[in-house]
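Engineer: Using our numbering, the first residue of the sequence shown is number 3, and each one after it goes up by one.
Even glycine gets a Cβ: it sits at the ideal position worked out from N, Cα and C.
Below are the structure tokens for one structure; questions will follow.
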Amino acid sequence: MEHITIVRSDERANERGMEPTIERYPDRTRINHWLVALLFICAALSGLAFFHPAFFFFTALFGGGVWTRILHPFFGVLMVLGFVFLFFQVWRDNFWNASDTAWTRRAPELLKGHEDNMPAVGKYNAGQKIVFWTFGICLILLLITGFMFWQPWFADFFPIVLRRIAVVVHALAAVILIISVIIHIYAAIWVKGSVQAMTRGTVSRAWARQHHRLWYRDMGGEK
Ligand code: HEM
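Listed below in structure tokens is the structure:
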């Protein structure tokens with residue numbers, strides 16, 4: 003089945019005189035991903051507006067302070083919901099295995115630009131997997147703690163001490179999530195050819211061979 007994917011995409015590319023590619027994400031995953039990314043931006047900017055007065059000007063994007071306050075929790079809930087769908091499409095490929103531990107130990111080599119010294123990886127490398135699980139943990143924490151002080155509907159169910167703890171955990175999880183997304187975007191741009199995986203849904207065979215050799219082999223690229 004996976005072998006068919008690569009052959010078909012090669013045939014299409016050859017017909018158009020283009021470089022052969024491999025499918026990395028189907029349409030539904032890409033639409034899902036960009037919806038989550040858009041909701042993340044809305045949730046992050048509206049949340050930062052209340053995090054520190056220096057960011058209060060972000061409220062202008064959402065129709066003023068009151069509207070920003072009303073909309074922020076809805077952006078958050080929709081983002082988490084969108085992530086749940088995305089999660090179930092990619093979680094299996096994000097399972098941690100022994101070679102990920104070896105990859106993590108050698109990560110400084112990668113940062114020095116010696117990718118050839120790194121162990122071969124499957125669909126995702128250990129760095130991507132760490133970011134993926136960090137997203138998941140932060141989003142669960144944001145969802146639970148957000149409900150705990152969501153006025154006027156849910157906050158009254160929780161004692162004030164718990165609500166105060168929830169506010170701190172919510173802010174911490176948000177900061178970690180924002181930093182993780184910045185790392186995620188930086189890595190996507192830094193590894194040339196990655197962004198097109200999420201825009202066009204395909205990557206070049208050279209990209210797959212270079213950065214995800216085991217996945218390239220599984221896709222029928224190498225016998
Ligand atoms: C806003 C700008 C963003 C950009 C430019 C971006 C870009 C990308 C790219 C290029 C990929 C494909 C990487 C690959 O296949 O190797 C990807 C995958 C992915 N992205 Fe994003 N992304 C953004 C935001 C987000 C956000 C906010 C989330 C979730 C909170 C997210 C979650 C994911 C997930 C789960 C994957 C699947 C790969 C994996 O499990 O590691 N992305 N993204």
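For Leu113, which option in Ala210, Leu141 and Ala189 has the closest C-alpha, if you only look at C-alpha atoms?
Structural biologist: It is Ala189.
Engineer: Which term fits Gln153, buried or exposed, when burial requires 16 or more other beta carbons within 10 angstroms of its beta carbon?
Structural biologist: Exposed, since its Cβ has fewer than 16 Cβ neighbours within 10 Å.
Engineer: Within the continuous beta strand (DSSP E) that includes Thr204, where are the two ends?
Structural biologist: That run of the beta strand (DSSP E) goes Thr204 to Ser206.
Engineer: Considering only heavy atoms of the ligand HEM, does any lie closer than 7 Å to the CB of Val197?
Structural biologist: Flag set: Cβ of Val197 near the ligand HEM.
Engineer: Return the CA-CA distance between Gly223 and Gly67, expressed in angstroms with no decimal places.
Structural biologist: Answer to the nearest angstrom: the Cα atoms are 53 Å apart.
Engineer: For Phe90, is the classification buried or exposed, using 16 other Cβ atoms within 10 angstroms of its Cβ as the cut-off for buried?
Structural biologist: Exposed, since its Cβ has fewer than 16 Cβ neighbours within 10 Å.
Engineer: Count the other C-beta atoms from every protein chain shown that fall within 10 angstroms of the C-beta of Asp102, then say buried if there are 16 or more, exposed otherwise.
Structural biologist: Buried, by the Cβ-count rule.
Engineer: Exposed or buried, Tyr218, counting other C-beta atoms within 10 Å across all chains shown (16 or more means buried)?
Structural biologist: Buried: at least 16 other Cβ atoms inside 10 Å.
Engineer: Report buried or exposed for Ala109, applying the criterion of at least 16 other Cβ atoms within 10 angstroms of its Cβ.
Structural biologist: So Ala109 ends up on the exposed side.
Engineer: Out of curiosity, what's the CA-to-CA distance linking Phe134 and Asn96?
Structural biologist: The straight-line gap from Cα to Cα measures roughly 7 Å.
Engineer: For a minimum of 4 consecutive residues, which ranges assigned as the alpha helix (DSSP H) are wholly contained in the region 69-142?
Structural biologist: Counting whole runs of 4 or more residues, the region 69-142 contains the alpha helix (DSSP H) stretches 100-107 and 109-113.
Engineer: With a threshold of 16 other CB atoms inside 10 Å of the CB of Arg26, please say whether the residue is buried or exposed.
Structural biologist: Buried.
Engineer: Going by DSSP, what residues sit across from Glu25 in a beta bridge?
Structural biologist: According to DSSP, Glu25 bridges with Thr204.
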